[in-house]
Amino acid sequence: MGSVPMCSYAVMMQHLVAAADLYNIDRLKLLCESKLCDEITIDNVATSLALAEQHHCPQLKAICLKFIANPSNLGAVMQSKAFLDLKESCPSMLLELLGTFASADDNPSQNLSRKRSSSSIYGQDLADAFAAESAHPNGRRVRRRT
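First residue of the sequence shown? That's 1 in the UniProt record's numbering, and the numbers climb one at a time after it.
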């Protein structure tokens, strides 16, 4: 990353996810999604959630929902302009957030902090994506939608 501020880094990754989705560059999209999952903060979680919904990024969406559902983050996120925009543009996200919040209440041992740390699950998902791509030997790209 070098001298690139974290905010600019996250914004750059968000733009790369959008471009990778547009041009069906699935490996790039997965890599950027993984990096964004590591960079979730109060300031960018609502924007990242909207991006995840729009560009079909299930890992990023799940991480964002869990982050927002954390009681120590919820109030600050709800006061952000990005969350208000999300509420207006995609009200169905609020239902998913409520479901995530309810499941987090059922599992209070879940420890989510203000800044997400990297997890080995993303490496496994990338390995699964590479394996799925190599399963199509004719070179034809098959796009998975969840």
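C-beta atoms are modelled at their ideal positions from N, C-alpha and C, and glycine is treated no differently.
Since we're looking at a predicted model, the values are computed, not measured.
Asked, Found
"Closer than 6 Å by C-beta to K87: which residues in its own chain qualify, once you throw out the five before and the five after it? Chain order, please.", "none"
"Classify A10: buried if its beta carbon has 16 or more other beta carbons within 10 angstroms, exposed otherwise.", "buried"
"Can we count K61 as close to the ligand MG, meaning its CB is less than 8 Å from some heavy atom?", "Ligands are entirely absent from the displayed structure, and the ligand MG is therefore not among its contents."
"Using 8 Å for Cβ pairs, my map puts I63 next to C32. What's the rounded Cβ distance?", "That pair is no contact at about 13 Å."
"Is it buried or exposed for V55, if we count other Cβ within 10 angstroms and need 16 for buried?", "For the sequence presented, residue 55 should be read as His rather than Val. Answer is buried; the Cβ neighbour count reaches 16."
"Classify D21 as buried or exposed, calling it buried when 16 or more other Cβ atoms lie within 10 Å of its own Cβ.", "buried"
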